[in-house]
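Visitor:
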Amino acid sequence: MASATKKPRKRRRVTQAMKDRDTASRTAANETLHAYAVACLSDPAELEQFRSIAASIGWKYDPASDDPGYSLQNVALLAAQRRPLTHCGGFDYWLAQGRIVAEGERSLGTFRHIGRKKNEEQAKEEELAKEGWQSTKPRRPRYYMKKGTFDVSQTVPRERCPHCGTAPAGPEDRTTQCPPTCAVFAPRPGSKPPRALAVELMQAQLQDAEDEGEADQ
Numbered sequence: 001m002a003s004a005t006k007k008p009r010k011r012r013r014v015t016q017a018m019k020d021r022d023t024a025s026r027t028a029a030n031e032t033l034h035a036y037a038v039a040c041l042s043d044p045a046e047l048e049q050f051r052s053i054a055a056s057i058g059w060k061y062d063p064a065s066d067d068p069g070y071s072l073q074n075v076a077l078l079a080a081q082r083r084p085l086t087h088c089g090g091f092d093y094w095l096a097q098g099r100i101v102a103e104g105e106r107s108l109g110t111f112r113h114i115g116r117k118k119n120e121e122q123a124k125e126e127e128l129a130k131e132g133w134q135s136t137k138p139r140r141p142r143y144y145m146k147k148g149t150f151d152v153s154q155t156v157p158r159e160r161c162p163h164c165g166t167a168p169a170g171p172e173d174r175t176t177q178c179p180p181t182c183a184v185f186a187p188r189p190g191s192k193p194p195r196a197l198a199v200e201l202m203q204a205q206l207q208d209a210e211d212e213g214e215a216d217q
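Everything in the sequence shown is counted per full-length UniProt numbering, starting at 1 for the first residue and increasing by one.
(1) Under the three-state reduction of DSSP, which class applies to Ala80: helix, strand or coil?
(2) Starting from the C-beta of Lys60, find all residues in its chain whose C-beta is less than 6 Å away, skip the five residues before and the five after it, and write them out in chain order.
(3) Starting from the C-beta of Ser71, find all residues in its chain whose C-beta is less than 6 Å away, skip the five residues before and the five after it, and write them out in chain order.
(4) Please tell me whether His34 and Leu201 are closer than 8 Å, where the distance is taken between their beta carbons.
(5) Using the C-alpha atoms, what's the distance from Glu46 back to Val75?
(6) For Ala28 and Leu95, I'd like the C-alpha separation in whole angstroms.
(7) For the 8 Å Cβ check, are there 3 or more pairs between the segment 12-24 and the segment 157-173?
(8) Using the C-alpha atoms, what's the distance from Glu159 back to Thr176?
(9) Would you kindly work out how many angstroms separate the C-alpha atoms of Lys147 and Thr110, rounded to a whole number?
(10) Which stretch, first to last residue, makes up the alpha helix (DSSP H) that contains Asp20?
(11) Please list, in chain order, all residues of the same chain as Arg37 whose beta carbon is under 6 Å from its beta carbon, the five residues on each side excluded.
(12) Could you check the C-alpha separation between Ala151 and Arg26 for me, to the nearest Å?
(13) Can you tell me whether Ala79 is buried or exposed, with buried defined as 16 or more other CB within 10 angstroms of its CB?
(14) Check Leu201 in the structure and name its three-state DSSP category.
(15) Leu85 and Ile53: beta carbons closer than 8 Å?
(16) Could you give the DSSP three-state label for Arg51: helix, strand or coil?
(17) Looking at the unbroken alpha helix (DSSP H) that takes in Phe91, where does it start and where does it end?
(18) In angstroms, rounded to a whole number, what distance separates the CA positions of Ile57 and Gly90?
(19) Relative to the C-alpha of Pro189, which residue among Ala55, Gly104, Gln97 is closest?
(20) Classify Leu72 as helix, strand or coil using the three-state DSSP reduction.
(21) Label Ala186 either buried or exposed according to how many other C-beta atoms from any shown protein chain fall within 10 Å of its C-beta, with 16 as the threshold for buried.
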């Protein structure tokens, strides 16, 4: 018996309304990140908290790598939306951990880069950029906003917690939370990003916001 061939998935048509929503979400995220960068650069304690958050939730140098962890920019965006953070993951991840998103909690957004094949023109621009030349062409968005990340503090035990023994009152209970002293909320061990790198990230965010403002004029 011949195996059935899979039909190619039809791509959803992108409407103008969808583009407008995407633009609005990216603009709001950048504004939130800009305000957080200002706070971190003006308050050393805020910057140190950011470094601690990055160590606990996991960060990586190369955003495009397949290594576990979040890019520093996404760590900053997550922290800008909710602080403190201890351990982040998606809905399915928390289900696998025996926890479920608590009732009424809203997910956090992260930047997701859009993969594009390099063409000759793009490769040439990258080579010129290495030599100090800057393209006068407006930069196209290379990322989009994706919701669906939750901190452990936004979750409750789906079954008996192995750390403190807290259990839901029933199969539909999404409100019974572990006590604040439960080990599930403890910061996870990890290396902090270098302070200079954290400062560089925040300064770059301010510069990006300034460049976008000039481009809009």
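The C-beta atom is built at its ideal place from N, Cα and C for all residues, glycine as well.
Guide: From the atom records:
(1) helix
(2) Asp67, Gly69
(3) Pro63
(4) no
(5) 13 Å
(6) 29 Å
(7) no
(8) 11 Å
(9) 7 Å
(10) 16-42
(11) Note that residue 37 corresponds to Ala in the displayed sequence, not to Arg. Here the set comprises Met202, Gln205, Leu206.
(12) Inspection of the sequence shows that residue 151 is occupied by Asp rather than by Ala. Approximately 21 Å between the Cα atoms of the pair.
(13) buried
(14) helix
(15) yes
(16) helix
(17) 91-96
(18) 13 Å
(19) Ala55
(20) helix
(21) exposed
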